[in-house]
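In the numbering used here, the protein residues as written are -2 to 481. Below you'll find the structure, written out as structure tokens, and then a few comments.
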């Protein structure tokens, strides 16, 4: 946190905003750390007792008190506990207000990122760039919702000069709430694709909800806009006279665009993994009549676009092109998002298993189509609404058009992918059978790209294919570490 906060000043902050009622019992207390989980709670932290659909931390309040926190934030007073207590009308809203208080003390630049696909990769790229310019705090893991964002804001400290806050949503109004807490000076929407449709009703509903991130900007703020997105014109119209930086993959009308996209140091065979080393990607970045050569450990045009969006956010907070170049070159792929592994039998594995929507699967297929021996391993895509079967089938058609050699699918919905792909596809209803088939197919000339929604647990497929080879008694490596 920026500095220690007292229960009484936090209560006054909440009361002034008329969103949460708050009253302090058993005396004041100052805190510098906040925790919402009794399992990881340590002495001296402030414990906030959250409620959920399947849990209520108030049921474990004595367990929390036994760990000697500095104080409790609760929705009812516990007279049998002598600790200072901040009694509020809603602990979740109180957590947000405490985070908002810490955010107001932050004097650095805060950038908010959302989008249907690629936002975590953009966050990582941007954090790598900003770290070249100063101390940077960025969202960890998937802490991008109504609990994760407040906890991320509470980790801001006085040394940080930049903050990169990832924002996700499963329904309308959620990003607006997160922006109310974070108050970003720069905001960007990476893209809008069919993802979490069930929570928004339609793709237009997704676009409107993502657009909340721009509505929160002030006149002094900057919107970074992907003008290649089908909804860009609507966002531009809504922004009116607000400042913006426009990004395109290759449209020269944009403020930032790319040219000369290709593999960095192409291998003789054209395979990006030849010799067990990944060749990466290169491109030229154009901004305000300046041109910059960039190389990255990434692949695919979608990652070039991700890099351009990250670069645009960095320019919005005053980072120069040389630091942008250096930061992108130091970027390492995020685990489960186009991570590259050498698996059993020296087979090549592209692990894109963290999550999936139709747009991100198409981008993954585009990458796979450039690699010899291509095999798509796809699990179900969740939350696509009433068009889910059609959207899955379209992915099978797309994989066939892109000359993917084989497709293996797992799950009820992904059967539509195999049917649409036709000859060369095989569907599995259980994970173990699929793993056994992939092990039979594994060879140095084969590349598996593994993807699916988080609920499909395709990471378990990756883990199985990256298992220790008992005949060699060692663990196969990836370019940035070990198989997870």
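We treat Cβ as the ideally placed atom computed from N, Cα and C, and that holds for glycine.
Asked                                                                                                                                                                              : Found
Between residue 108 and chain C, is any beta-carbon pair separated by less than 7 Å?                                                                                               : Structure shown: chain C not included; a single protein chain is present.
Starting from the N-terminal side, write out each stretch of the alpha helix (DSSP H) that is 4 residues or longer and does not extend beyond the segment 143 to 193.              : 145 to 150, 171 to 179
Please report the Cβ distance between residue 211 and residue 184, rounded to the nearest whole angstrom; I am assuming they are in contact, meaning their Cβ atoms lie under 8 Å. : 6 Å
Taking only three categories from DSSP, how would you classify residue 351?                                                                                                        : coil
Going by CA-CA distance only, name the one from 344, 383, 353, 384 that's closest to residue 368.                                                                                  : 344
Go through its chain and collect everything with a Cβ distance to residue 468's Cβ below 7 Å, but skip five positions before and after it.                                         : Residue placement at residue 468 is flagged as unreliable, the pLDDT there being 27, under the threshold of 50; the coordinate-derived value follows with that caveat. Closer than 7 Å at the Cβ level, and outside the excluded window around residue 468, lies no residue.
Please report the distance separating the alpha-carbon of residue -1 from that of residue 33.                                                                                      : 19 Å
Taking residue 430 as part of the alpha helix (DSSP H), name the residues at either end of that continuous run.                                                                    : 428 to 438
Around the Cβ of residue 474, are there at least 16 other Cβ atoms within 10 angstroms (buried) or fewer (exposed)?                                                                : Note that residue 474 scores 32 on pLDDT, short of 50, meaning its location in the model is unreliable and no value can be drawn from it.
Only counting runs of 4 or more residues, tell me where the alpha helix (DSSP H) segments fall wholly within the segment 270 to 330, in order along the chain.                     : 298 to 313, 318 to 326
Closer than 6 Å to a non-hydrogen atom of the ligand FAD - does that hold for the CB of residue 451?                                                                               : With respect to the ligand FAD, the structure offers nothing, as it holds no ligand at all.
At the level of alpha carbons, what is the spacing between residue 438 and residue 451?                                                                                            : 24 Å
Mapping DSSP to helix, strand and coil, what is residue 387?                                                                                                                       : helix
Less than 7 Å separating the beta-carbons of residue 44 and residue 82?                                                                                                            : no
Which of helix, strand or coil does DSSP assign to residue 4?                                                                                                                      : helix
What's the gap between the Cα of residue 482 and the Cα of residue 392?                                                                                                            : For the chain, the structure presents residues -2 to 481; residue 482 sits outside this window and is missing.
Around the Cβ of residue 76, are there at least 16 other Cβ atoms within 10 angstroms (buried) or fewer (exposed)?                                                                 : exposed
Pick from 414, 378, 49: whose alpha carbon is nearest that of residue 395?                                                                                                         : 414
For residue 134, list the residues DSSP reports as bridge partners.                                                                                                                : 160
Going by alpha carbons, who is nearest to residue 73 out of 58, 248, 66, 67?                                                                                                       : 58
Please report how far the alpha carbon of residue 116 lies from the alpha carbon of residue 242, in whole angstroms.                                                               : 17 Å
Just grab the DSSP bridge partners of residue 460 for me.                                                                                                                          : Answer is none; residue 460 lacks a bridge partner.
Along the beta strand (DSSP E) that carries residue 255, what are the first and last residues, could you check?                                                                    : 253 to 260
Which class does residue 404 belong to by DSSP, given the choice of helix, strand or coil?                                                                                         : strand
Out of 252, 182, 446, point me to the one whose CA is closest to residue 370's CA.                                                                                                 : 446
If contacts are defined as beta-carbon pairs under 8 Å, then residue 171 and residue 141 qualify, I think. What distance do you get, rounded to the angstrom?                      : Incorrect: roughly 10 Å between the Cβ atoms, too far for contact.
Tell me the DSSP secondary structure of residue 264 in three-state form.                                                                                                           : Because the pLDDT of residue 264 is 49, which lies under 50, any placement of that residue in the model is unreliable, and the question is left without a value.
Looking only at its chain, what residues have a beta carbon closer than 7 Å to the beta carbon of residue 147, apart from the 5 residues adjacent to it on each side?              : 92, 93, 96, 178
Buried or exposed for residue 484, please, with buried defined as at least 16 other CB atoms from any protein chain shown within 10 angstroms of its CB.                           : The structure shown does not extend to residue 484, since the chain is modelled only from -2 to 481, so the question has no answer here.
How many Å lie between residue 61 and residue 8 at the Cα?                                                                                                                         : 21 Å
Work out the CA separation of residue 98 and residue 348 for me, nearest whole Å.                                                                                                  : 39 Å
Give the straight-line distance between the Cα atoms of residue 158 and residue 135, rounded to the nearest whole angstrom.                                                        : 11 Å
With distances taken from CA atoms, which of 50, 284, 206, 305 is nearest residue 292?                                                                                             : 305
So residue 67 and residue 19 are supposed to be a Cβ contact under 8 Å. How far apart are they, rounded?                                                                           : Actually they do not touch by this definition, with Cβ atoms about 17 Å apart.
Less than 7 Å between C-beta atoms, sequence neighbours within five positions excluded: which residues of the same chain meet that for residue 312?                                : 242, 284
Are the CB atoms of residue 366 and residue 455 within a distance shorter than 7 Å?                                                                                                : no
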